[in-house]
Amino acid sequence: MCGSGRPSRTTDSTHGKGYWPNLLLNQPLPQKPNLIWVSDITYLPLANGEWAYLGSWMDLFSRRIVGWRVDENMEDDLVIIPLRNALQSRQPSSGLITHSDRGGQYVSNDLHELINLWHIRPSMSRADDPYDNAFAESFWSRLKAELLEGGTFLSVDDARTEIFEYIEMYYNRVRKHSSLGYKSPEQFEQEYYTKLASSVCR
Numbered sequence: 001m002c003g004s005g006r007p008s009r010t011t012d013s014t015h016g017k018g019y020w021p022n023l024l025l026n027q028p029l030p031q032k033p034n035l036i037w038v039s040d041i042t043y044l045p046l047a048n049g050e051w052a053y054l055g056s057w058m059d060l061f062s063r064r065i066v067g068w069r070v071d072e073n074m075e076d077d078l079v080i081i082p083l084r085n086a087l088q089s090r091q092p093s094s095g096l097i098t099h100s101d102r103g104g105q106y107v108s109n110d111l112h113e114l115i116n117l118w119h120i121r122p123s124m125s126r127a128d129d130p131y132d133n134a135f136a137e138s139f140w141s142r143l144k145a146e147l148l149e150g151g152t153f154l155s156v157d158d159a160r161t162e163i164f165e166y167i168e169m170y171y172n173r174v175r176k177h178s179s180l181g182y183k184s185p186e187q188f189e190q191e192y193y194t195k196l197a198s199s200v201c202r
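This is the structure we're talking about:
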């Protein structure tokens with residue numbers, strides 16, 4: 001892998017802005033979409049030795065990536081823009097839990113505005129406990145193993161293109177999960193809504 005040292009840390013948990021409690025402790029997995037979304041940030045190695053960053057939001061019911069963004073820095077928009085887009089697209093009911101680690105991107109004023117506007121219940125992992133956000137961490141491991149295979153992206157634009165194809169064309173639509181009965185996230189959600197519609201029509 002090309003590279004020049006370690007990337008910047010993807011989160012700064014010493015921001016001093018306070019933390020939300022972990023609402024997922026002892027919480028069962030959701031039984032329908034748009035109840036719990038989890039988020040994280042990871043780094044993407046570039047061929048020139050620099051780094052790009054990927055922020056995403058996953059629906060914990062179907063493991064579907066409902067929002068994501070690739071950028072050359074870790075500004076707050078890395079998680080705010082994909083969250084805003086996902087909210088507008090999926091229109092969750094009040095009470096959606098959004099869970100993340102303790103990074104500064106998740107306590108910004110702009111994110112707080114979204115939280116208040118959509119009546120979201122924010123949640124954060126406990127200090128130094130990656131298992132509290134295990135689903136997001138697992139997605140990063142899977143993406144890097146299947147897409148990068150130890151290599152690098154040619155550029156930030158190349159990373160955006162490759163990540164789009166991986167998430168939108170493969171992971172969400174095609175990739176089967178044993179935890180979903182060997183269905184893809186999109187198929188799992190479609191089956192849920194089909195069953196819901198048939199039960200209403202009875």
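Under the UniProt record's numbering, the first residue of the sequence shown is numbered 1, with each subsequent residue one higher.
Think of the CB as a built atom: it goes at the ideal place given N, C-alpha and C, for glycine as much as any other residue.
Since this is a predicted model, take the numbers as computed values, not measurements.
*Around the Cβ of E168, are there at least 16 other Cβ atoms within 10 angstroms (buried) or fewer (exposed)?*
Within the sequence shown, residue 168 is the residue found at index 168, counting from 1. E168 counts as exposed, since fewer than 16 other beta carbons sit within 10 angstroms of its beta carbon.
*Bridge partner(s) assigned by DSSP for T152*: The residue labelled residue 152 in the question sits at position 152 within the sequence shown. Per DSSP, none; premise fails for T152.
*Hey, quick one: how far does the alpha helix (DSSP H) through H112 stretch, first residue to last?*
Along the sequence shown, one-based indexing puts residue 112 at 112. Residues N109 to L117.
_In whole angstroms, give me the CA-to-CA distance for E186 and N26._
Locating residue 186 in the sequence shown gives position 186, counting from the first residue. Locating residue 26 in the sequence shown gives position 26, counting from the first residue. As the crow flies, the alpha-carbon of E186 is around 27 Å from that of N26.
*Whose CA, out of S108, R175 and S94, lies closest to the CA of S100?*
For the purposes of this step, residue 100 is identified with residue 100 of the sequence shown, where counting begins at 1. Comparing Cα-Cα distances from S100 to each of S108, R175 and S94, the minimum goes to S108.
*Rounded to a whole number of angstroms, what is the C-alpha to C-alpha distance between D76 and S199?*
Counting from one through the sequence shown, the residue named residue 76 turns up at place 76. Counting from one through the sequence shown, the residue named residue 199 turns up at place 199. Taken atom to atom, the span from the alpha-carbon of D76 to that of S199 is near 42 Å.
*Just the Cα atoms here: how many angstroms apart are W118 and R84?*
Here residue 118 refers to the residue found at position 118 when the sequence shown is read from its first residue. Here residue 84 refers to the residue found at position 84 when the sequence shown is read from its first residue. Note on geometry: alpha-carbon atoms of W118 and R84 lie some 10 Å from one another.
*Can you tell which of I36, W51 and N48 has its C-alpha closest to the C-alpha of A86?*
Position 86 of the sequence shown, counting from 1, holds the residue named residue 86. Here the closest residue by C-alpha is I36.
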